[in-house]
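Engineer: In our numbering, the protein residues as written are 7 to 185.
Note that CB positions come from ideal geometry on N, CA and C, so glycine has one too.
The structure that follows is given in the form of structure tokens.
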């Protein structure tokens, strides 16, 4: 028996054969990830604020989850962290909410935006960080692997895509310059 998902992603011929594989496409919402964490005393730096390195690890984990959901595979790696902006601090016993989603896809790479907020007990959030990470899907031999395309459904998703194109160009320029 052939699954409905298989039929959607392939031109199905009676008798169970695939005539032509269609390109797999996912929406931004498909891989959106929200993670809530509590700031513990072990997460604090000498100034009593959340240690930036701990936050960076949390951001990287969320980006990896987004990439894994988007690709449907577990073998992804962080290629770069771009445009990491610390806006405010977080303190012990505060709730951190990290929201990650795909903004752009290439052949084997994906740009993931992760926004970090401190949420109070009324559910109000204040932004403390924004980061863009480039994640790469890998095959079983560790070589880059093609990722699903992205279907942009909303104007804000298109704006994110266009901004990601500009960041991509800047990354390529930096690479040419040796950075």
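Return the chain-ordered ranges of every beta strand (DSSP E) run that is complete within the stretch 103 to 143 and spans a minimum of 3 residues.
Structural biologist: 115 to 125, 131 to 143
Engineer: Under DSSP, the alpha helix (DSSP H) around residue 73 begins and ends at which residues?
Structural biologist: As a first step, residue 73 is located in the chain shown; it is residue number 67 there, counting from the start. 58 to 77 is the span of the alpha helix (DSSP H), which, as asked, contains residue 73.
Engineer: Please find out if some non-hydrogen atom of the ligand ADP comes closer than 7 Å to the beta-carbon of residue 142.
Structural biologist: Ligands in the displayed structure: none, and consequently the ligand ADP is not present.
Engineer: Once DSSP output is grouped into helix, strand and coil, what is the label at residue 235?
Structural biologist: Within the shown structure, residues of the chain are numbered from 7 to 185, placing residue 235 beyond reach of any answer.
Engineer: Taking contact to mean at least 3 C-beta pairs separated by less than 8 Å, is the stretch 81 to 90 in contact with the stretch 27 to 39?
Structural biologist: Touching, no.
Engineer: DSSP three-state label for residue 155, please.
Structural biologist: Your numbering for residue 155 matches position 149 in the chain shown. Of the three classes helix, strand and coil, the one that applies to residue 155 here is strand, per DSSP.
Engineer: Between the Cα of residue 79 and those of 145, 170, 175, spot the shortest distance and give me the residue it belongs to.
Structural biologist: Position 73 of the chain shown, counted from the start, is the residue given in the question as residue 79. Looking at the Cα atoms, 145 is the closest of the given residues.
Engineer: With respect to the alpha helix (DSSP H) encompassing residue 34, which residues constitute its N-terminal and C-terminal limits?
Structural biologist: Start at 1 with the first residue of the chain shown, and residue 34 comes out as number 28. It spans 34 to 37 - the alpha helix (DSSP H) in which residue 34 sits, taken as one unbroken run.
Engineer: For residue 149, name the three-state secondary structure that DSSP assigns.
Structural biologist: Position 143 of the chain shown, counting from 1, holds the residue named residue 149. Coil, per DSSP.
Engineer: State the DSSP-derived secondary structure class of residue 20, mapped to helix, strand or coil.
Structural biologist: As a first step, residue 20 must be located in the chain shown, where it is residue number 14. Only weak support is given to the placement of residue 20: the predicted model assigns it a pLDDT of 44, under 50, and the value that follows is read from those uncertain coordinates. In the structure shown, residue 20 falls within a coil segment according to DSSP collapsed to helix, strand and coil.
Engineer: Is the beta carbon of residue 64 closer than 8 Å to that of residue 90?
Structural biologist: By one-based count along the chain shown, residue 90 stands at place 84. By one-based count along the chain shown, residue 64 stands at place 58. No; because the gap between Cβ atoms is not below 8 Å, this pair is not in contact.
Engineer: If you draw a straight line from the alpha carbon of residue 62 to that of residue 101, how long is it in whole angstroms?
Structural biologist: Counting from 1 along the chain shown, the entry for residue 62 is found at position 56. Counting from 1 along the chain shown, the entry for residue 101 is found at position 95. Computed Cα separation, rounded: 16 Å.
Engineer: Reducing DSSP to helix, strand and coil, say where residue 164 ends up.
Structural biologist: Against the chain shown, residue 164 aligns to sequence position 158. In this structure, residue 164 counts as helix in the three-state DSSP scheme.
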